[in-house]
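Asker: Dumping the structure here so I can ask a few things about it.
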Amino acid sequence: MKYESIIGLEVHAQLLTDSKIFCGCSTSFGAAPNHSTCPVCAGFPGALPVLNKKVVEFALYAGLAMHCKIAGSSRLARKNYFYPDLPKGYQISQYELPICSNGYIDVDVGGATKRVRLIRIHVEEDAGKNIHDAYEDCSLIDLNRAGVPLLEIVSEPDIRNPGEAVSYLKSLRAILRYLEVCDGNMEEGSFRCDANISVRRIGTESLGTKVEIKNLNSFKAIEKALEYEIKRQTDTLSEGGILVQETRLWDDKNEQTRSMRSKESAHDYRYFPDPDLLPINLNQTWTQKVCSNLPELPEARKGRLMSQYGLSAYDAELLTGRRDVADYLEAAINVCPNAKALSNWIIGDLFRVLKERKLDEQLRISDWPLQPTQLGDLVQLIDDGKINGKIAKVIFEALLDTNQSPRLIMTQQRLEQVSDPASLERSIDQVLITHAQQVAAYRGGNDKIFGFLVGQVMKASQGKANPQKVNELLKAKLS
Amino acid sequence: MKLTSEVVARVAQLARLRLLPEELNQLTIELQSILQYMDKLREIDTSEIEPFTQAVYSSNAFRDDLVTNDPNTDAILANAPATAKTFFKVPKIIE
Amino acid sequence: MNLFSLTIHEASDKLRKREVSSQELTEAVFQRVAETDGLIRSYITLCREAAIAQAKEADERLKREAPSSPLLGIPVALKDNLLTQGLRTTCASRILDNFISPYDSTVVAKVRSAGAVITGKTNLDEFAMGSSAENSAFFPTRNPWHLERVPGGSSGGSAASVAADQCIAALGTDTGGSIRQPAAFCGIVGLKPTYGRVSRYGVIAFASSMDQVGPMTKDVRDCALLLEAISGHDPADSTSVNCPVPSYSKSLTGDIAGLRLGVPKEYFTSGLQWTVDEAVTDAIRQLEKCGAIIEEVSLPHAEYAMAVYYIIATAEASSNLARYDGMRYGHRAAGRDLAETYMLTRAEGFGPEVKRRIMLGTYALSAGYYDEYYLKAQKVRTLVCRDFDTAFKHCDAIVTPTSPSTAFKMGEKIQNPLQMYLSDICTISINLAGVPAISVPCGLDREGLPIGMQVIGKHFDEPTILRVAYAYEQQTEWHRKKPALSHA
Chain H
2 MKYESIIGLE VHAQLLTDSK IFCGCSTSFG AAPNHSTCPV CAGFPGALPV
52 LNKKVVEFAL YAGLAMHCKI AGSSRLARKN YFYPDLPKGY QISQYELPIC
102 SNGYIDVDVG GATKRVRLIR IHVEEDAGKN IHDAYEDCSL IDLNRAGVPL
152 LEIVSEPDIR NPGEAVSYLK SLRAILRYLE VCDGNMEEGS FRCDANISVR
202 RIGTESLGTK VEIKNLNSFK AIEKALEYEI KRQTDTLSEG GILVQETRLW
252 DDKNEQTRSM RSKESAHDYR YFPDPDLLPI NLNQTWTQKV CSNLPELPEA
302 RKGRLMSQYG LSAYDAELLT GRRDVADYLE AAINVCPNAK ALSNWIIGDL
352 FRVLKERKLD EQLRISDWPL QPTQLGDLVQ LIDDGKINGK IAKVIFEALL
402 DTNQSPRLIM TQQRLEQVSD PASLERSIDQ VLITHAQQVA AYRGGNDKIF
452 GFLVGQVMKA SQGKANPQKV NELLKAKLS
Chain G
5 MKLTSEVVAR VAQLARLRLL PEELNQLTIE LQSILQYMDK LREIDTSEIE
55 PFTQAVYSSN AFRDDLVTND PNTDAILANA PATAKTFFKV PKIIE
Chain L
1041 MNLFSLTIHE ASDKLRKREV SSQELTEAVF QRVAETDGLI RSYITLCREA
1091 AIAQAKEADE RLKREAPSSP LLGIPVALKD NLLTQGLRTT CASRILDNFI
1141 SPYDSTVVAK VRSAGAVITG KTNLDEFAMG SSAENSAFFP TRNPWHLERV
1191 PGGSSGGSAA SVAADQCIAA LGTDTGGSIR QPAAFCGIVG LKPTYGRVSR
1241 YGVIAFASSM DQVGPMTKDV RDCALLLEAI SGHDPADSTS VNCPVPSYSK
1291 SLTGDIAGLR LGVPKEYFTS GLQWTVDEAV TDAIRQLEKC GAIIEEVSLP
1341 HAEYAMAVYY IIATAEASSN LARYDGMRYG HRAAGRDLAE TYMLTRAEGF
1391 GPEVKRRIML GTYALSAGYY DEYYLKAQKV RTLVCRDFDT AFKHCDAIVT
1441 PTSPSTAFKM GEKIQNPLQM YLSDICTISI NLAGVPAISV PCGLDREGLP
1491 IGMQVIGKHF DEPTILRVAY AYEQQTEWHR KKPALSHA
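Chains as they are written, first to last, in the working numbering: chain H, 2 to 480; chain G, 5 to 99; chain L, 1041 to 1528.
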């Protein structure tokens, strides 16, 4: 009896606006508790919400990028429930008329493309933060986060396994980062995910009992939680048990999901259109303008880099993970057409520096350690035979945080590659004399020594000798 | 539709109103009579009618994405029944 | 003549001519309050010290500059659901008993910058829910005309204070008739503006799609002046409309010749107190004499308006009042845990009428009932709006009684919620449609209790209803009659 799992994902992405969704408070992280509040976001008597236009724009960008239908007229709605971090006793969200519906994203799952459809994308406000563990007998509420704008993205239950789920989330996050509407930081809580999962016997049409999983704070957690749930659900059913439709929390420490056994039965949110807010009318002009401003998105860019520059899927994936990196690559290609070499330098050396300096934590890097033109020039120097690979590494380090040209460093530090046979032969001869024993061993059949001898020639030339030429000449001399 | 006191009790829970038994009974009677009056609306055929959606005949009331508020934590906390530093202090939330 | 009996325009005139100072005027008003409020109980909070300071400042401004607003130096009372920075704002509820507002509502800010002197905060039915001011958690207000009678509600305190000259003018709010009905009961003028005309920012919300702040005054000219001062677009209120504010006092021409006035037959049913019917019918005849053309019109869904109102308004209110939970401000009960704190705070903090409406509204929105109640009511609301649209094709304004009866006795209806609700029957449709309406005094009944006539206009056509009201008023003496402050 084989089961398949049906998974749908709900993502809440915090939007990168300067001010909150319904008031002029700052969204900046790190303010002192309740420092970024006002009567509106703190739910004071008489306060009224006014919608931040940028939130609508960001929703449009996301919706159009993910092939959604944009509502001609959209409405905000009140979702009513009581909780200390919900100042008004209701959350302003969307219900019947969301801004976006019926979209999809194409996700690369192990080389194949999987289309995950989206049910809807809508805007809503975030709640405040509760701190439970500071005191024994009370909890603390900080409303700085109350009113920060969120985009809720709900997928159809098209996902079939934990691997697909993670791929989908990574793709979604990359798109949102490309659009610069969200920085996608799961650890900091700006990109949150809840999962809905059920299982059914393969071949059946109807869906099984759906379970909601919350408290998934990393991709690893999502994968483990889904795997755990699939096993739990299939085990229960195989043993003839019954599954309860419920919400379960992922317990990362003990690596299991636990039932949220709350006394209250399912929430009755009593949604109704918020009478304090007017409809959002999105006309053709607006959506067309947004469409024309959409950047090339990760999947498309990856495909184009592969076909246009012959890059491998693996490399293209790494290079298009960040929009600024892909931009960097193409700027460098403008200077030097060797995309493959540039991609190696970026993925290897540049990424290392970015990571060391924690620059990769920024959404868009503004201060590159070296400019794409400099990298392009460097690779061009190699391709022109002016320097060898090892020297290039030296020059790379010297270029960091300067606007110098690689060529200038090369000449100033006399790092030009030596290819002239006469001077190379002199060095070779020297090495052959100094290491006569090794030469004899080589001639005696120990091929490995060849590498050593090449190394010695390189050393004698302070690394500047042209390795291919050295190989050629040395082989000739030793034959 | 007959409104029972069970339903009224459930509604009171949704609205976070603790009702004494006398209050529950009284409210049940009162709400029953009010809702009976509301049943008048059934006389009208509204199958072709759009619901009233907005009292003002316009749309797109927006503000620009600017930080315009001067933080005034003291003012926000001034009426709080309990605070701890600049947090609101509330009874323990059990997840 | 007593200074406290002056109207805004009379007082403003005297202030400009330096015949009287704002301080003198303000002192006179406070003296009047001291002498009468033990009986009437219009005020929840009085601000004598701050008022005198404001009056002094107004006197300085009057000396220095060419006066900009007719409100400069004029003592005005504010209904206690309008937030006033630094002042207690209770909404006549225990749940906000100790609440000091951290900000000014927009209307209060406007009134302040016009230079008005704020006398204090007036009593109301708790959370503006009621028609008699008997639902105040603190004390009921009495009708100055007959102290055993209600002043009407929910703006009972504002109405009584204007009628008893305890202020020169007042602001009230109107969701289902809460300005107009108490204005009628207390023999003063009260106007509910078009929805969206006046900002709701800082007005404690009851029914968001119907609430409006409006003037409550001694005559129609004052009403126009005060309306002008508080009207206008507010970017902090998404439902406030961006259209220019005309000079409302310019509408007071006295000329209504050729104006078509609609009289809806549905408002003149057997349920009307016969003296009300008589007085309003008389008033309509008077308007005809002034040259208006009387047309019979029909508002066929009038009988359903109450049901629609009490479903939608309570639904919106149930949500608006969820924020009163004791977590961040207001009363907090000592519960054993979070759940109990919520339940007890709200049980202790809200009075019976508020609870009743929260329950009704919660029920109307809850799963399984939403379509039958809330959605249905919104559809019938559309029909009510269409009734007005259709009627206004045949007339420029509509005239009706403001209330089916004159002021009832205290305690008479409070035990029967449905009976209490039915006293709003003439005013409620207006809030559903969002059109403007004014109530002017048009007679006294056999017991000497005031009767009000309501004039309803098209959206943003306050000029026409003011014009009609003014024309009528200038032909009569009702607005000059003062209550005896006696027991009946």
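Even glycine gets a Cβ: it sits at the ideal position worked out from N, Cα and C.
Just so you know, these numbers come straight off a predicted model, no measurement behind them.
So, using beta-carbon positions, are L/Val-1157 and L/Ala-1203 closer together than 8 Å?
Answerer: no
Asker: Can the beta-carbon of H/Lys-215 be found less than 8 Å from the beta-carbon of H/Thr-248?
Answerer: yes
Asker: Whose Cβ in chain L lies nearer than 8 Å to the Cβ of G/Val-71?
Answerer: None at all; the shortest Cβ gap to chain L is about 15 Å.
Asker: Say whether chain H places a C-beta atom closer than 8 Å to the C-beta of G/Val-60.
Answerer: yes
Asker: Report the neighbours of G/Ser-37 on chain L: residues whose CB is nearer than 7 Å to its CB, in chain order.
Answerer: Neighbours of G/Ser-37 on chain L, chain order: Leu-1458.
Asker: Is L/Asn-1138 helix, strand or coil by DSSP?
Answerer: coil
Asker: Taking L/Asn-1121 as part of the beta strand (DSSP E), name the residues at either end of that continuous run.
Answerer: No beta strand (DSSP E) holds L/Asn-1121; DSSP gives it neither H nor E.
Asker: I'd like to know whether the C-beta of H/Lys-264 is nearer than 8 Å to at least one C-beta of chain G.
Answerer: Bear in mind that the predicted position of H/Lys-264 carries a pLDDT of just 45, short of 50, making it unreliable; the figure below should be weighed with that in mind. No, because no Cβ of chain G sits closer than 8 Å to the Cβ of H/Lys-264.
Asker: Comparing the C-beta of G/Ala-13 with each C-beta of chain L, is any distance below 8 Å?
Answerer: no
Asker: Between L/Ile-1140 and L/Ile-1465, what straight-line distance do the alpha-carbon atoms span, to the nearest angstrom?
Answerer: 35 Å
Asker: When DSSP labels each residue in this structure, what does L/Val-1243 get in the three-state scheme?
Answerer: strand
Asker: On a CA-only basis, which of L/Asp-1317, L/Gly-1474 and L/Gln-1515 is nearest L/Asp-1485? Give me that one, please.
Answerer: L/Asp-1317
Asker: Going along chain H, which residues have a C-beta under 9 Å from G/Ala-82?
Answerer: Going along chain H, no residue has its Cβ under 9 Å from G/Ala-82, so there is no contact; the nearest lies around 11 Å.
Asker: Can you tell me whether H/Cys-292 is buried or exposed? The criterion is at least 16 other CB atoms within 10 Å of its CB, across all chains shown.
Answerer: exposed
Asker: For H/Lys-465, which residues in the same chain have their Cβ closer than 7 Å to its Cβ, ignoring the five residues on either side in sequence?
Answerer: Ile-392, Leu-416, Glu-417, Gln-418 and Val-419
Asker: Taking the alpha carbon of L/Leu-1266 as the point to measure from, which residue in L/Leu-1136, L/Phe-1246, L/His-1049 and L/Gln-1063 has its own alpha carbon closest?
Answerer: L/His-1049
Asker: Within a Cβ cutoff of 7 Å, which residues of the same chain sit near H/Val-458, ignoring the five residues on either side of it in sequence?
Answerer: For H/Val-458, where only same-chain residues beyond five positions count, the Cβ hits under 7 Å are Ser-428, Ile-429, Val-432, Ala-466, Val-471 and Leu-475.
Asker: Rounding to the nearest angstrom, what Cα-Cα distance links H/Arg-178 and H/Leu-49 in this structure?
Answerer: 31 Å
Asker: Strictly below 8 Å CB to CB, what residues from chain G border L/Ala-1477?
Answerer: None at all; the shortest Cβ gap to chain G is about 15 Å.
Asker: Are any of the Cβ atoms in chain H nearer than 8 Å to that of L/Gly-1331?
Answerer: Chain H contact via Cβ: absent.
Asker: Can you pull the chain G residues whose beta carbon is under 7 Å from the beta carbon of L/Cys-1425, in chain order?
Answerer: Neighbours of L/Cys-1425 in chain G, taken as residues at a C-beta separation under 7 Å, are given in chain order as Phe-56.
Asker: Between G/Val-11 and G/Pro-55, what straight-line distance do the alpha-carbon atoms span, to the nearest angstrom?
Answerer: 27 Å
Asker: Between which two residues does the beta strand (DSSP E) containing H/Met-67 stretch?
Answerer: First-last for H/Met-67: undefined, no H or E at that position.
Asker: Closest to H/Gln-372 by C-alpha separation, out of H/Asn-335, H/Asp-385 and H/Lys-387, would be which residue?
Answerer: H/Asn-335
Asker: Pick out the complete beta strand (DSSP E) segments inside the segment 1063 to 1132 of chain L, 3 residues or longer, and give them in chain order.
Answerer: 1083 to 1086 and 1115 to 1119
Asker: What is the DSSP secondary structure of H/Glu-265, counted as helix, strand or coil?
Answerer: Because the pLDDT at H/Glu-265 is just 47, under 50, the model does not fix this residue reliably, and the point stays unresolved.
Asker: If we ignore side chains and look at the alpha-carbon of each, how far apart do L/Tyr-1410 and H/Ser-75 end up?
Answerer: L/Tyr-1410 and H/Ser-75 have their alpha carbons spaced roughly 20 Å apart.
Asker: According to a CB-to-CB cut-off of less than 8 Å, which residues of the segment 1148 to 1161 of chain L neighbour chain A?
Answerer: Absent from the structure is chain A; the protein chains it does hold are H, G and L.
Asker: Suppose the cutoff is 8 Å on Cβ atoms and the five residues either side in sequence are ignored; what does the same chain contact list for H/Leu-401 look like?
Answerer: Val-354, Pro-370 and Leu-371
Asker: Measure from the C-beta of H/Ser-37 to each C-beta in chain L and report whether the shortest distance is under 8 Å.
Answerer: no
Asker: Can you confirm whether the segment 1104 to 1114 of chain L touches the segment 1262 to 1277 of chain L when touching is taken to mean that 3 or more C-beta pairs between the two stretches lie within less than 8 Å?
Answerer: yes
Asker: Alpha carbon to alpha carbon, how far is H/Glu-125 from G/Asp-78?
Answerer: Cα to Cα, the separation comes out at about 27 Å.
Asker: Decide if L/Ala-1473 is buried, meaning its Cβ has at least 16 other Cβ atoms within 10 Å, or exposed.
Answerer: buried
Asker: In terms of alpha-carbon separation, which member of L/Ala-1437, L/Pro-1481 and L/Cys-1425 lies closest to L/Asp-1501?
Answerer: L/Ala-1437
Asker: Under a Cβ-count criterion, where at least 16 other Cβ atoms within 10 Å of its own Cβ denotes burial, should H/Ile-243 be classed as buried or exposed?
Answerer: So H/Ile-243 ends up on the exposed side.
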